[in-house]
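Taking it in order: structure first as structure tokens, then the write-up.
Protein chains: 2
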Amino acid sequence: MAWSNVGDTLCPIAGALAVVGERWTILVLRELFLGGRRFDDLQIQTGMSPHLLSVRLKSLEQEGVIARKLYSERPARYEYRLTEKGLGLYPVLLGLKTWGERWVHNIDDEPALIIRHKACGHEVSLSVSCDGCSQPIGARDAAVTMGSGYAAEREGRRSPTD
Amino acid sequence: MAWSNVGDTLCPIAGALAVVGERWTILVLRELFLGGRRFDDLQIQTGMSPHLLSVRLKSLEQEGVIARKLYSERPARYEYRLTEKGLGLYPVLLGLKTWGERWVHNIDDEPALIIRHKACGHEVSLSVSCDGCSQPIGARDAAVTMGSGYAAEREGRRSPTD
DNA sequence: TTGACTCCCTTCAATTATTGAAGCTACCAT
DNA sequence: ATGGTAGCTTCAATAATTGAAGGGAGTCAA
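Here's what the structure looks like:
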């Protein structure tokens, strides 16, 4: 299977990756979350080639993750902004940040990014918890069940009925 | 800049992406979180080519995200398992799942994956909240500050001192 | 003890994706 | 009119990915 068909599944993780799972894409989103708005800013701070950045921006716009907004008529100049759909990726970015700090960089280093609640100034964090008992949940505390449709899709891959 | 240098920064998001940011990698991790252990399972359920899967598995093993464990001496057979470092990516996967359900698939569809707290049977969810006031936080409620090192790194890219 | 089968990959040629340098248009400042 | 900046696009070279095929090392059944 080619990567271009990765979204053809009931799995929501694969669906998400079909939109934001290519190299550089999350880095572009990071810049937008950090307040970057212009092509050159995004290009310089991500380090990607201008060509690829333009390809990625078009794709993200098409998917509705970002929107272009005219900020100068002559010459026509657009800035890029996250839509609601794009802002919805906040927990994913925060998850990567948290994991990178814990497992990739040295935990004693000065933090590169500090995220605070605007209203009260305290830091913000990500957590997985149980909707019933509110306890914090780690990967081992959870069990996965598959919906019947997705279970059938997976079974079909095991024993192809062609 | 080439993708291979994407981890050369103080940004923890980029650090994380240097490890798990390539195409297919997160899908491999999904399978492992779903309980897949063997090469062929991973290959069939992700749909990626065997070659690329073997490349990705080696890289993940090298990074300490997964470990190979011998489960049969003769013939030598290994299974792949998430390490603690790998399990730490749980919130990221859950974030993608939640976002995919909300923004990519139809929200009324039967869910493909249901995740429950083993201890009490209720569903599990991801949230961003303030460490001070415990309020739920959206992207717009938070402000980002950069550490001095990372701020300097970024400033250097704007005005290269070569 | 042959043949069929499974598991777990590896190899290779063909196709795609990505890079990095250069170029282009439109405007602004001097 | 000359130089500079913003915002891209084009293009040839390089690297990543695919899909088909193959191969070794065992197990099982006849």
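Protein chains in written order, with this note's numbering: chain P, 1 to 162; chain F, 1001 to 1162.
From the three backbone atoms N, C-alpha and C, an ideal C-beta is built for every residue, glycine too.
Values in this document were obtained by computation on a predicted structure and should not be read as measured data.
What separation, rounded to the nearest whole angstrom, lies between the Cα atoms of residue i and residue j?
i	j	result
F:S1054	P:W3	16 Å
F:D1141	P:T145	34 Å
P:A143	P:L57	37 Å
F:A1016	F:I1026	12 Å
F:S1127	F:R1074	46 Å
F:E1061	P:W103	14 Å
F:D1040	F:E1022	20 Å
F:A1067	F:S1148	36 Å
F:R1157	P:I44	6 Å
P:I13	F:G1088	17 Å
P:R37	F:L1029	32 Å
P:D162	F:Y1071	Residue placement at P:D162 cannot be trusted, given a pLDDT of 49 that sits under 50; what the coordinates show is reported in the next sentence. Going by the C-alpha atoms only, they are around 33 Å apart.
F:P1050	F:L1093	23 Å
List the residues of chain P whose Cβ lies closer than 8 Å to the Cβ of residue i, in chain order.
i	result
F:L1060	Those do not exist, as F:L1060 stays about 13 Å from chain P at its closest Cβ, beyond 8 Å.
F:E1022	R23
F:G1036	What F:G1036 touches in chain P: nothing, since even the nearest Cβ is about 10 Å away.
Give the residues of chain F in contact with residue i, contact being defined as C-beta atoms less than 7 Å apart.
i	result
P:L159	It should be pointed out that residue 159 of chain P corresponds to Ser in this sequence rather than to Leu. Those do not exist, as P:S159 stays about 10 Å from chain F at its closest Cβ, beyond 7 Å.
P:L57	Going along chain F, no residue has its Cβ under 7 Å from P:L57, so there is no contact; the nearest lies around 17 Å.
P:E101	P1012
Could you work out which residues of chain P lie near residue i, taking near to mean beta carbons separated by less than 7 Å?
i	result
F:F1039	None at all; the shortest Cβ gap to chain P is about 14 Å.
F:A1016	L96, W99, G100 and V104
Taking Cβ positions, are residue i and residue j nearer each other than 8 Å?
i	j	result
F:C1130	P:C133	no
P:G95	F:P1091	yes
F:H1122	P:I137	no
F:G1150	P:L42	The sequence given here places Tyr at residue 1150 of chain F; Gly does not occur at that position. Not closer than 8 Å, so no.
P:M1	F:G1086	no
F:V1065	F:V1020	yes
P:F33	F:A1139	yes
F:G1010	F:E1153	Inspection of the sequence shows that residue 1010 of chain F is occupied by Leu rather than by Gly. Contact flag set, yes.
Using DSSP's beta-bridge definition, name the partner residues of residue i.
i	result
P:P111	Paired residue(s): none; P:P111 is not in a bridge.
P:S127	F:S1127
P:P50	Paired residues: none, contrary to the question.
P:V144	F:I1115
P:L70	P:Y78
P:P136	P:S129
At 8 Å on the CB atoms, spell out the chain F contacts of residue i, in chain order.
i	result
P:P75	Ordered by position in chain F, no residue passes the 8 Å Cβ test against P:P75, which lies about 22 Å from the chain.
P:I44	R1157 and R1158
P:L93	I1013
Along chain P, in chain order, which residues have C-beta atoms closer than 9 Å to that of residue i?
i	result
F:S1054	Going along chain P, no residue has its Cβ under 9 Å from F:S1054, so there is no contact; the nearest lies around 16 Å.
F:L1087	G138, A139 and R140
In chain F, which residues lie less than 9 Å from residue i when you measure between Cβ atoms?
i	result
P:D131	H1117, H1122, E1123, V1124 and S1125
Requested in this report: Check each residue of the region 1111-1127 of chain F: if its Cβ is closer than 9 Å to any Cβ of chain P, include it; give the result in chain order.
Outcome: P1111, A1112, L1113, I1114, I1115, R1116, H1117, K1118, A1119, C1120, G1121, H1122, E1123, V1124, S1125, L1126 and S1127
Query - the region 1138-1158 of chain F: positions lying closer than 9 Å to chain P by Cβ - result: G1138, A1139, R1140, D1141, A1142, A1143, V1144, T1145, M1146, G1147, S1148, G1149, Y1150, A1151, E1153, R1154, R1157 and R1158
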